[in-house]
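Engineer:
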Ligand code: ADP
């Protein structure tokens, strides 16, 4: 099996160490064991990566779309050929159950394959001219060098959503994976080599987020930043990039509500609730943060949700049948513990879970808390852990108002069997992604993106290409 664990960064086709020789340790969150180290690079290495990407941009954009599509198809195939090794590496550094890691790696291949197809559909327009002697053309061109900064919760597929459309559009990339999960990021360099990507088309740097982010945002050769991560860091990047007026895409935090109306199919709602809450142990930006159950079904929903939650199998991701792995680090466990303590101090009732799990220091029990109120921290803040608070509501109007009472607007979910309500509520919810009677909605063929402080831009679908393209209007005169 190919070993994807690269302990070097990729700059202009060369695998190198950090200039100062510094290293960052990478740990397995299930055991706390160090599984390797990666370079602690900074601004200088990043500047060289940007220069390499800039040098590669001209020849890469000059390829025909069909040629770039061939590279991307090969990249997708390389991922599928090595799916198991990539999934094992992902689980080892990130913690998620192996079945979820395989799913994520499959999604990575699906995104790349999708954008291989979209590469050939970057159409222009001819606008009917108001002048008899002129013709007006609109073309789409690659924006230039793209910096892609990604988080630890989906270390493979978050890069797929960015690398895929960037390369398809004719852009070149400097990627910075999260320091907790750099190996799945560096693996893209190995996969790129397998696919025969020219040197400099894809560069990958690990190290100081502040130093690398500072260089990527200040460097005038970087024409676009695509970021997935927390809202506070997104705001920093937006402010820093203002100096060189870059094109930006921001996939930031969420505070997803999940509404269950009296007329919902409760079996389906509970199944969706488990999927929308506990994937990756609750560590996704579309994970349910707040359940709202209508008074008529509230007690029954809480009972069934608690039973399904208590049945989840907790254990190391690599262990057969594990459904809930460890949280990413000790700080995440401590934060989960604090949120639960805050809730119980304010009258929250633990129905199941509510403690650290005996599987190890990184684990927390899947938890359901009833009698949740707006005074509790998780009403406002992202939980990012396996805790499901349930709030009670009376009317549709109240549910919508409370669901929208957040600065976030990424994903939301609701369950109803009333067709009119399905349309009313989905139109009234201020979110970029709505699951109606569905708890898992992500696919490469549909646009993924938020509103409000959850960010802007779409990833996936044919819309996912547009963030990497600029419109050029050409007026042909004197005809
Ligand atoms: P999370 O809470 O998911 O870790 P972060 O926003 O902290 O989200 O991190 C997401 C990514 O952004 C990571 O790759 C992280 O290293 C990077 N990052 C954090 N701070 C900065 C910064 N100041 N500039 C650029 N990147 C940063």
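Residue numbers (UniProt numbering): 1 to 479. Glycine included, each C-beta is placed from N, C-alpha and C at the ideal position.
Find out if the Cβ-Cβ distance for the pair residue 18, residue 42 is shorter than 9 Å.
Structural biologist: In the chain shown, counting from the first residue as 1, residue 18 sits at position 18. In the chain shown, counting from the first residue as 1, residue 42 sits at position 42. Against a cut-off of 9 Å, the Cβ pair of residue 42 and residue 18 comes out as a contact.
Engineer: For residue 484 versus residue 340, is the C-beta spacing smaller than 9 Å?
Structural biologist: The shown model of the chain, from 1 to 479, leaves out residue 484, and the question about it has no answer.
Engineer: Is the closest heavy atom of the ligand ADP to the C-beta of residue 23 under 8 Å?
Structural biologist: Counting from one through the chain shown, the residue named residue 23 turns up at place 23. No - the ligand ADP has no heavy atom lying nearer than 8 Å to the Cβ of residue 23.
Engineer: Nearest-angstrom Cα distance between residue 61 and residue 417?
Structural biologist: Taking the chain shown and counting its residues from 1, the one referred to as residue 61 is at position 61. Taking the chain shown and counting its residues from 1, the one referred to as residue 417 is at position 417. Those two C-alpha atoms are separated by around 49 Å.
Engineer: Using the Cβ count rule (16 or more neighbours within 10 Å means buried), how would you classify residue 384?
Structural biologist: As a working mapping, residue 384 is identified with position 384 in the chain shown. Classification of residue 384: buried, given that the 10 Å Cβ count is 16 or more.
Engineer: To the nearest angstrom, how far is it from the Cα of residue 270 to the Cα of residue 277?
Structural biologist: Here residue 270 is taken as the residue at index 270 of the chain shown, counted from 1. Here residue 277 is taken as the residue at index 277 of the chain shown, counted from 1. Approximately 10 Å, taken between the alpha carbons.
Engineer: For residue 308 and residue 258, what's the separation of their Cα atoms in angstroms?
Structural biologist: Translated into the one-based positions of the chain shown, residue 308 becomes position 308. Translated into the one-based positions of the chain shown, residue 258 becomes position 258. About 16 Å.
Engineer: Cβ atoms of residue 297 and residue 264: under 9 Å apart, would you say?
Structural biologist: As a working note, residue 264 is residue 264 in the chain shown. As a working note, residue 297 is residue 297 in the chain shown. Yes, Cβ-Cβ distance for residue 264 and residue 297 is below 9 Å.
Engineer: With hydrogens ignored, establish whether the beta-carbon of residue 410 is closer than 8 Å to any heavy atom of the ligand ADP.
Structural biologist: In the chain shown, counting from the first residue as 1, residue 410 sits at position 410. No, the ligand ADP has no heavy atom inside 8 Å of this Cβ.
Engineer: In the DSSP assignment, the alpha helix (DSSP H) including residue 6 goes from what residue to what residue?
Structural biologist: Taking the chain shown and counting its residues from 1, one reaches residue 6 at position 6. Element bounds for residue 6: n/a, residue is neither H nor E.
Engineer: Tell me the DSSP bridge mates of residue 135?
Structural biologist: Start at 1 with the first residue of the chain shown, and residue 135 comes out as number 135. Looking at the DSSP assignment, residue 135 forms a beta bridge with 476.
Engineer: For residue 107, which residues from the same chain have a beta carbon less than 6 Å from its beta carbon, with the 5 sequence-adjacent residues on both sides left out?
Structural biologist: Within the chain shown, numbered from 1, the residue matching residue 107 stands at position 107. Closer than 6 Å at the Cβ level, and outside the excluded window around residue 107, lie 157.
Engineer: Is there at least one non-hydrogen atom of the ligand ADP closer than 8 Å to the beta-carbon of residue 336?
Structural biologist: Taking the chain shown and counting its residues from 1, the one referred to as residue 336 is at position 336. False, no ligand heavy atom lies under 8 Å from that Cβ.
Engineer: Mapping the DSSP letters down to three states, classify residue 59 as helix, strand or coil.
Structural biologist: Stepping through the chain shown from its first residue, residue 59 is reached at position 59. Helix.
Engineer: Beta carbon of residue 27: closer than 8 Å to some heavy atom of the ligand ADP?
Structural biologist: Position 27 of the chain shown, counted from the first residue, corresponds to residue 27. Outside the cutoff, so no.
Engineer: Does the structure place the region 32 to 48 close enough to the region 223 to 231 that three or more beta carbon pairs sit under 8 Å?
Structural biologist: At 8 Å Cβ cutoff, the stretches do not touch.
Engineer: Quick one: is residue 445 buried, meaning 16 or more other Cβ sit within 10 Å of its Cβ, or exposed?
Structural biologist: On the chain shown, position 445 is the one that residue 445 refers to. Label assigned to residue 445: exposed.
Engineer: How many whole angstroms separate the CB atoms of residue 155 and residue 139, which I take to be in contact at a CB cut-off of 8 Å?
Structural biologist: The residue you call residue 155 lines up with position 155 of the chain shown. The residue you call residue 139 lines up with position 139 of the chain shown. Their Cβ separation, rounded to whole angstroms, is 35 Å, which puts residue 155 and residue 139 out of contact at 8 Å.
Engineer: Taking C-beta to C-beta, are residue 260 and residue 411 nearer than 9 Å?
Structural biologist: Start at 1 with the first residue of the chain shown, and residue 260 comes out as number 260. Start at 1 with the first residue of the chain shown, and residue 411 comes out as number 411. Taking 9 Å as the Cβ cut-off, residue 260 and residue 411 do not qualify as a contacting pair.
Engineer: Look at the Cβ atom of residue 453, then the Cβ atom of residue 253, and state whether they are nearer than 9 Å.
Structural biologist: Against the chain shown, residue 453 aligns to sequence position 453. Against the chain shown, residue 253 aligns to sequence position 253. It is a contact, given that the beta carbons lie within the stated cut-off.
Engineer: Going residue by residue through the region 226 to 250, where are the continuous alpha helix (DSSP H) segments of at least 4 residues, counting only ones entirely within it?
Structural biologist: 231 to 241, all fully within the region 226 to 250.
Engineer: Kindly examine the ligand ADP and report whether one of its heavy atoms sits closer than 8 Å to the Cβ of residue 209.
Structural biologist: For the purposes of this step, residue 209 is taken as the residue at position 209 of the chain shown. Within the cutoff, so yes.
Engineer: Looking only at DSSP bridge pairs, what is residue 25 linked to?
Structural biologist: Within the chain shown, the letter at position 25 stands for residue 25. 37.
Engineer: For the alpha helix (DSSP H) that contains residue 278, what are its first and last residues?
Structural biologist: Taking the chain shown and counting its residues from 1, the one referred to as residue 278 is at position 278. Unbroken alpha helix (DSSP H) run through residue 278: 266 to 278.
Engineer: Cα separation between residue 12 and residue 96?
Structural biologist: Along the chain shown, read from residue 1 onward, the residue named residue 12 stands at position 12. Along the chain shown, read from residue 1 onward, the residue named residue 96 stands at position 96. Rounded to whole angstroms, residue 12 to residue 96 spans 32 Å at the Cα level.
Engineer: May I ask you to list the residues that DSSP assigns as paired with residue 149?
Structural biologist: Position 149 of the chain shown, counted from the first residue, corresponds to residue 149. Answer is 176 and 227.
Engineer: Provide the residue(s) that pair with residue 412 in DSSP beta bridges, ordered along the chain.
Structural biologist: Indexing the chain shown from 1 puts residue 412 at position 412. Answer is 434.
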